[in-house]
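**Q**
Numbering (the numbering used here), first residue to last: 21 to 481.
Given below as structure tokens:
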């Protein structure tokens, strides 16, 4: 194996010389550091002698890509051994108290897939070499290339550190693994996840209608656990952003001097303080200020929630395909066929409404990767509760589960979306979704629906 020797201003290679090794510098982890350092150790013949350096670089990139794909974590800086002996991978974290948990989770993810690789984690008891050693080369994960100029590598690292997309949160990594790679976690870890926030952000008027009214009266100033504080937490639970939260609080204003001041001057000190308080509540959300327990079970929800028919969202093309699907439905009873027809009309209408008029949004406070959030909003979702409401609305006496299964899986009108989630749906406390579907035909819905003058409040679950 060849090692390095420094002569003049250049680094050259010389066989069997380890004298440079004695001067290596290593650092322990500072107790206030927000940087995780994973030392990927590949001191084994299969890496040092069995791979070319270009092949080894591809291996390290594969490991980094694997980490990002399954956890959402991206390194702020990476350097790779020029002798195929390992890599130093640096990650930026958002909260100091999550440093050890995140590091252990990332190390476990690597070890599960590459058993021959050893992982050391820098800590206050484990020192790891400082970066930019003579036998390591900076590597850009985004550019998929070695960065030969240290100044460029440092500049890129500083940009990455300042970019919030690189700041890791434990819950985000854990739920990404629950969705993408659940076998990495123990059964206890898989079952312990909960979220203080609902998965979906409501996007229509019904979100406000169902929130009840919080009277923010005189004397309810900022701070403490008074009504403004409770109101902001209340809005956060429903996925409202800062602008919508302020708007809602102003609607609830019944004499608060702070809110009245904001109504008179949207750029005054009270408005600045509201922004600060919103960000404080968002960062340190406390669920005790608004109960997330459902007011009723699912059966009562069928009785209590209203239903708005989706028939007005159907296009002429939809009606043609629906008529053909009804003809192929395997039933000899005209009454059953008519009920099936009603359910099918509502289902396709709901799809058009959800996809073209009221697309779902994932709550911005949910710790999910951008990739998973993008997948979850695709197509239409059709929960059991929706079909129960159809049954009640159309006065169907029997179960409509068979209708649902046939419509989504056998009618030929829908195809399930491969969203990359195991089973096709989420099923964790407060984080629940359904399988997602596309129509199998083009129905020109956007052009048809833009002529509708009125869109009712969201009735989808």
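Think of the CB as a built atom: it goes at the ideal place given N, C-alpha and C, for glycine as much as any other residue. Predicted model, so just to flag it, every value in this text is computed and none were measured.
What residues in its chain sit with their C-beta under 6 Å from that of residue 465, if we drop five residues either side in the sequence?
**A** To locate residue 465, count along the chain shown from 1; it is residue 445. Closer than 6 Å at the Cβ level, and outside the excluded window around residue 465, lie 335, 372, 376.
**Q** Please name the residue or residues paired with residue 158 in a DSSP beta bridge.
**A** On the chain shown, position 138 is the one that residue 158 refers to. According to DSSP, which records beta bridges pairwise, residue 158 is partnered with 99.
**Q** Shortest alpha-carbon distance to residue 282 belongs to which of 300, 123, 263?
**A** Start at 1 with the first residue of the chain shown, and residue 282 comes out as number 262. Looking at the Cα atoms, 263 is the closest of the given residues.
**Q** Which two residues bound the contiguous alpha helix (DSSP H) that contains residue 113?
**A** As a position in the chain shown, residue 113 is number 93, starting the count at 1. That residue, residue 113, is in no alpha helix (DSSP H); its beta strand (DSSP E) goes 106–113.
**Q** Check the C-beta distance from residue 139 over to residue 148 and give it rounded, since I have them as a contact under 8 Å.
**A** Counting from one through the chain shown, the residue named residue 139 turns up at place 119. Counting from one through the chain shown, the residue named residue 148 turns up at place 128. Actually they do not touch by this definition, with Cβ atoms about 11 Å apart.
**Q** Identify, in the order they occur along the chain, each residue of the same chain with its Cβ nearer than 7 Å to the Cβ of residue 341, setting aside the five sequence neighbours on each side.
**A** Residue 341 sits at position 321 when you count from the first residue of the chain shown. Same-chain partners within the cutoff: 433, 461.
**Q** Starting from residue 500, trace the alpha helix (DSSP H) both ways and give me its first and last residue.
**A** The displayed coordinates of the chain run from 21 to 481. Any statement about residue 500 would go beyond what the structure contains.
**Q** Put residue 438 into one of helix, strand or coil per three-state DSSP.
**A** Mapped onto the chain shown, residue 438 falls at position 418. Here residue 438 sits in coil by DSSP.
**Q** Compute the beta-carbon to beta-carbon distance between residue 114 and residue 189, rounded to the nearest angstrom, for a pair I have assumed lies under 8 Å.
**A** Within the chain shown, numbered from 1, the residue matching residue 114 stands at position 94. Within the chain shown, numbered from 1, the residue matching residue 189 stands at position 169. Right, their Cβ atoms sit about 5 Å apart.
**Q** Using DSSP with H/G/I as helix, E/B as strand and the rest coil, what is residue 274?
**A** Residue 274 sits at position 254 when you count from the first residue of the chain shown. Here residue 274 sits in strand by DSSP.
**Q** Under 8 Å by Cβ, that's how I've got residue 56 and residue 150 pegged, so tell me the actual separation to the nearest angstrom.
**A** The count along the chain shown starts at 1 and reaches residue 56 at position 36. The count along the chain shown starts at 1 and reaches residue 150 at position 130. Not quite, the Cβ-Cβ distance comes to about 16 Å (not below 8 Å), so this is no contact.
**Q** State yes or no: is the C-beta of residue 79 within less than 8 Å of the C-beta of residue 71?
**A** Reading the chain shown from its first residue, position 59 is the one you call residue 79. Reading the chain shown from its first residue, position 51 is the one you call residue 71. Result yes, Cβ atoms of residue 79 and residue 71 sit closer than 8 Å.
**Q** When we look at the beta-carbon of residue 74 and count the other beta-carbons within 10 Å, is it buried (16 or more) or exposed?
**A** In the chain shown, counting from the first residue as 1, residue 74 sits at position 54. Classification for residue 74: exposed.
**Q** In angstroms with no decimal places, state the Cα-to-Cα distance between residue 265 and residue 256.
**A** Translated into positions along the chain shown, residue 265 becomes position 245. Translated into positions along the chain shown, residue 256 becomes position 236. Each residue's alpha carbon lies about 8 Å from the other.
**Q** For residue 275, tell me which candidate among 194, 287, 247 has the shortest Cα-Cα distance.
**A** Taking the first residue of the chain shown as 1, we reach residue 275 at position 255. Measuring from the Cα of residue 275, the nearest candidate turns out to be 247.
**Q** When you compare each of 356, 421, 358, 398 to residue 374 by their alpha carbons, which one comes out closest?
**A** Here the question's residue 374 lines up with position 354 in the chain shown. It is 398 whose Cα lies nearest to the Cα of residue 374.
**Q** CB-CB under 8 Å to residue 171, same chain, minus the five flanking residues each way: which ones, in chain order?
**A** Position 151 of the chain shown, counting from 1, holds the residue named residue 171. So the list is empty, once near-sequence residues are dropped.
**Q** Is it a yes or a no for the segment 404–419 touching the segment 345–353, going by three-plus beta-carbon pairs under 8 Å?
**A** The segment 404–419 is not in contact with the segment 345–353.
**Q** Determine the contact status of residue 389 and residue 192, defining contact as a CB-CB distance below 8 Å.
**A** Counted from its first residue, the chain shown places residue 389 at position 369. Counted from its first residue, the chain shown places residue 192 at position 172. Taking 8 Å as the Cβ cut-off, residue 389 and residue 192 qualify as a contacting pair.
**Q** Can you tell me which of the three DSSP states residue 175 falls into?
**A** Counting from 1 along the chain shown, the entry for residue 175 is found at position 155. Residue 175 falls in the helix class under three-state DSSP.
**Q** Any idea if residue 292 is buried or exposed, counting beta-carbon neighbours within 10 angstroms, 16 or more meaning buried?
**A** Against the chain shown, residue 292 aligns to sequence position 272. Label assigned to residue 292: exposed.
**Q** How far does the alpha helix (DSSP H) with residue 86 in it reach, from first residue to last?
**A** For the purposes of this step, residue 86 is identified with residue 66 of the chain shown, where counting begins at 1. Taken as a continuous stretch (DSSP letters only), the alpha helix (DSSP H) holding residue 86 covers 73–91.
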